[in-house]
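Worksheet for the structure shown next.
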Amino acid sequence: AQSVTQPDIHITVSEGASLELRCNYSYGATPYLFWYVQSPGQGLQLLLKYFSGDTLVQGIKGFEAEFKRSQSSFNLRKPSVHWSDAAEYFCAVGAASNDYKLSFGAGTTVTVRA
Amino acid sequence: ETGVTQTPRHLVMGMTNKKSLKCEQHLGHNAMYWYKQSAKKPLELMFVYSLEERVENNSVPSRFSPECPNSSHLFLHLHTLQPEDSALYLCASSQSGLAEDTQYFGPGTRLTVL
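Heads up: the sequence lines are chains D and G, in that order.
The first sequence lines up with residues 36 to 149 when you count with the numbering used here.
The second sequence lines up with residues 47 to 160 when you count with the numbering used here.
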């Protein structure tokens with residue numbers, strides 16, 4: 036079965052600074068990888084996803100993520116953070132052998148300071 | 047109305063009460079999901095329905111009872127809950143339930159069990 040680790044529970048970043056959120060997954064074959072964002076009082080919204088092809092994936096709101104098979108990682112980045120990016124971010128992994136099941140990480144809370 | 051809606055948004059109930067959570071998706075999807083979200087823990091998949099048939103039941107206590115009368119509606123019936131069941135309950139839907147499908151989430155029902 037697949038699993039996900041998000042090593043950082045909480046990150047504080049200044050507005051305008053860059054942001055990188057780490058995600059490590061465990062799965063033997065090529066995984067389906069997702070990043071979701073959850074703002075306070077909201078459900079989860081998809082930022083981007085990776086299945087195959089170009090390992091650098093562009094998403095909404097200026098986010099991008101890079102799949103690195105050798106490191107089993109799928110880190111999320113944004114060059115310049117806005118105050119509205121304060122939220123909780125979840126990495127998730129799916130597997131073709133395991134339909135219906137997305138495994139989520141515990142999440143990283145991002146605080147943006149002025 | 048678009049997307050995935052959930053009612054009520056907040057629910058407080060005693061351990062002897064019976065209540066139901068409702069989810070409706072307006073996306074024409076065939077798969078629907080119930081998740082439990084507790085603070086600082088990964089989302090826990092509870093139930094999955096595909097074309098109105100239950101396809102996953104992740105060892106959820108019988109005090110939680112799902113119902114999917116059609117592909118647009120999903121219910122979670124609650125009875126004799128415990129305080130540890132207090133959490134945010136999220137509903138999601140996806141096109142077909144395949145691992146690569148994007149899941150679309152509702153805003154959740156914040157449940158408090160006294």
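Even for Gly, the Cβ is constructed at its ideal location relative to N, Cα and C.
Computed from a prediction, not measured in an experiment: that's the story for all the values here.
At a Cβ threshold of 9 Å, is residue i touching chain G?
| i | result |
| --- | --- |
| D134 of chain D | yes |
| S49 of chain D | no |
| L56 of chain D | no |
| L137 of chain D | yes |
| V92 of chain D | no |
Residue i lies in the beta strand (DSSP E); which residues open and close that run?
| i | result |
| --- | --- |
| P107 of chain G | That residue, P107 of chain G, is in no beta strand (DSSP E); it is neither H nor E in DSSP. |
| M59 of chain G | 56 to 59 |
| C126 of chain D | 122 to 129 |
| E146 of chain G | Where E146 of chain G is concerned, there is no enclosing beta strand (DSSP E), given that its DSSP letter is neither H nor E. |
| A133 of chain G | 133 to 140 |
| S74 of chain D | No beta strand (DSSP E) contains S74 of chain D, which DSSP labels as neither H nor E. |
| E55 of chain D | 54 to 56 |
| L157 of chain G | 155 to 159 |
| F139 of chain D | 137 to 139 |
| N59 of chain D | 59 to 61 |
| S132 of chain D | First-last for S132 of chain D: undefined, no H or E at that position. |
What residues from chain D crowd round residue i, counting only those whose CB sits closer than 7 Å?
| i | result |
| --- | --- |
| G74 of chain G | Near G74 of chain G there are no residues of chain D at all, since even the closest Cβ is about 17 Å away, more than 7 Å. |
| E146 of chain G | Y67, F86, G129 |
According to DSSP, which residues form a beta bridge with residue i?
| i | result |
| --- | --- |
| H117 of chain D | Bridge partners of H117 of chain D: none, in fact. |
| F110 of chain D | Reading off the sequence shown, one finds Asn at residue 110 of chain D, where the question assumed Phe. Paired residue(s): D:E101. |
| R100 of chain G | G:Y95 |
| R148 of chain D | D:S49 |
| L120 of chain G | G:C69 |
| S84 of chain G | Note: S84 of chain G sits in no beta bridge, so no partner. |
| H125 of chain G | G:K64 |
| Y79 of chain G | G:V94, G:A138 |
Could you tell me whether the Cβ of residue i comes closer than 9 Å to any Cβ of chain D?
| i | result |
| --- | --- |
| F151 of chain G | yes |
| E130 of chain G | no |
| S96 of chain G | yes |
So, using beta-carbon positions, are residue i and residue j closer together than 9 Å?
| i | j | result |
| --- | --- | --- |
| Q41 of chain D | N133 of chain D | no |
| Y60 of chain D | V39 of chain D | yes |
| L124 of chain G | R109 of chain G | yes |
| Y79 of chain G | A138 of chain G | yes |
| S105 of chain G | Q71 of chain G | no |
| L81 of chain D | Y135 of chain G | no |
| L54 of chain D | L83 of chain D | no |
Can you pull the chain G residues whose beta carbon is under 7 Å from the beta carbon of residue i, in chain order?
| i | result |
| --- | --- |
| A141 of chain D | K86, K87, P88 |
| L81 of chain D | T148 |
| Q77 of chain D | P153 |
Run down chain G in chain order and give the residues with a C-beta less than 9 Å from the C-beta of residue i.
| i | result |
| --- | --- |
| I46 of chain D | What I46 of chain D touches in chain G: nothing, since even the nearest Cβ is about 14 Å away. |
Closer than 8 Å by beta-carbon distance: list the chain D residues that pair up with residue i, in chain order.
| i | result |
| --- | --- |
| E99 of chain G | The contacting residues do not exist; E99 of chain G stays about 12 Å from chain D at best. |
| E113 of chain G | Here the premise fails: no neighbours, minimum Cβ distance about 18 Å. |
With respect to 8 Å, is the separation between the Cβ of residue i and the closest non-hydrogen atom of the ligand FAD below this value?
| i | result |
| --- | --- |
| L83 of chain D | No copy of the ligand FAD appears in this structure; indeed no ligand is present at all. |
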